[in-house]
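Structure first, commentary second.
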Amino acid sequence: MTAPTLILRKTRTAADYVHTRTRNAETRERAAAVLHVLAGVHAAGDVAAPASLRDLVAAVGDCAGPEWLQAHADDPDVRRLAALLQAPDLIPGDPEELDELLATVLWTRHGPQPATA
Numbered sequence: 001m002t003a004p005t006l007i008l009r010k011t012r013t014a015a016d017y018v019h020t021r022t023r024n025a026e027t028r029e030r031a032a033a034v035l036h037v038l039a040g041v042h043a044a045g046d047v048a049a050p051a052s053l054r055d056l057v058a059a060v061g062d063c064a065g066p067e068w069l070q071a072h073a074d075d076p077d078v079r080r081l082a083a084l085l086q087a088p089d090l091i092p093g094d095p096e097e098l099d100e101l102l103a104t105v106l107w108t109r110h111g112p113q114p115a116t117a
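In structure tokens:
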């Protein structure tokens with residue numbers, strides 16, 4: 001029996017949005033890096049690949065930007081991401097929870113802004 005494939009669909013959707021919709025070239029490159037790492041995680045097909053997941057968490061943190069993460073340190077999702085970034089060993093937990101966290105950080109940082117009246 002093969003290990004289930006780690007899809008991370010929400011993270012992929014958020015990173016793809018950032019990559020295709022942002023005007024900033026550096027942000028596009030960082031989103032492309034997230035997509036590249038996601039492709040590697042998906043190709044590995046192993047939910048327990050801590051090195052790949054660490055690379056993914058780091059790529060999402062880089063795409064959000066250290067300054068933005070620091071400025072939003074009071075946000076619970078940003079705190080959770082920061083804890084993962086600082087952990088000496090990344091122990092994979094629930095893949096759906098990780099997917100939700102990474103996507104939420106990307107959407108919060110780079111998603112469409114709400115319309116103002």
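Residue numbers 1 to 117, in the UniProt record's numbering, belong to the letters of the sequence shown in order. Beta carbons: idealized from backbone N, C-alpha and C, even for Gly. None of the values given here were measured: they were computed from a predicted structure.
Is the distance from the Cβ of residue i to the Cβ of residue j below 9 angstroms?
i, j, result
"residue 74", "residue 105", "no"
"residue 62", "residue 33", "yes"
"residue 98", "residue 50", "no"
"residue 36", "residue 64", "no"
"residue 38", "residue 57", "no"
"residue 112", "residue 21", "yes"
Which word fits residue i, buried or exposed, when buried means at least 16 other C-beta atoms lie within 10 angstroms of its C-beta?
i, result
"residue 101", "buried"
"residue 30", "buried"
"residue 43", "exposed"
"residue 3", "Legend: pLDDT at residue 3 = 47, less than 50; position of this residue unreliable, value from coordinates given subsequently. So residue 3 ends up on the exposed side."
"residue 94", "exposed"
"residue 83", "exposed"
"residue 14", "buried"
"residue 103", "buried"
Taking residue i as the reference, which of the options has the closest Cα?
i, options, result
"residue 41", "11, 25, 22 and 80", "11"
"residue 53", "71, 108, 85 and 19", "85"
"residue 26", "55, 7, 8 and 59", "59"
"residue 18", "96, 107 and 67", "107"
Inset, instruction - Go through the region 25-86 residue by residue and report every complete run of the alpha helix (DSSP H) that reaches 4 residues or more, in order. - result: 25-44, 50-64, 66-71 and 76-86
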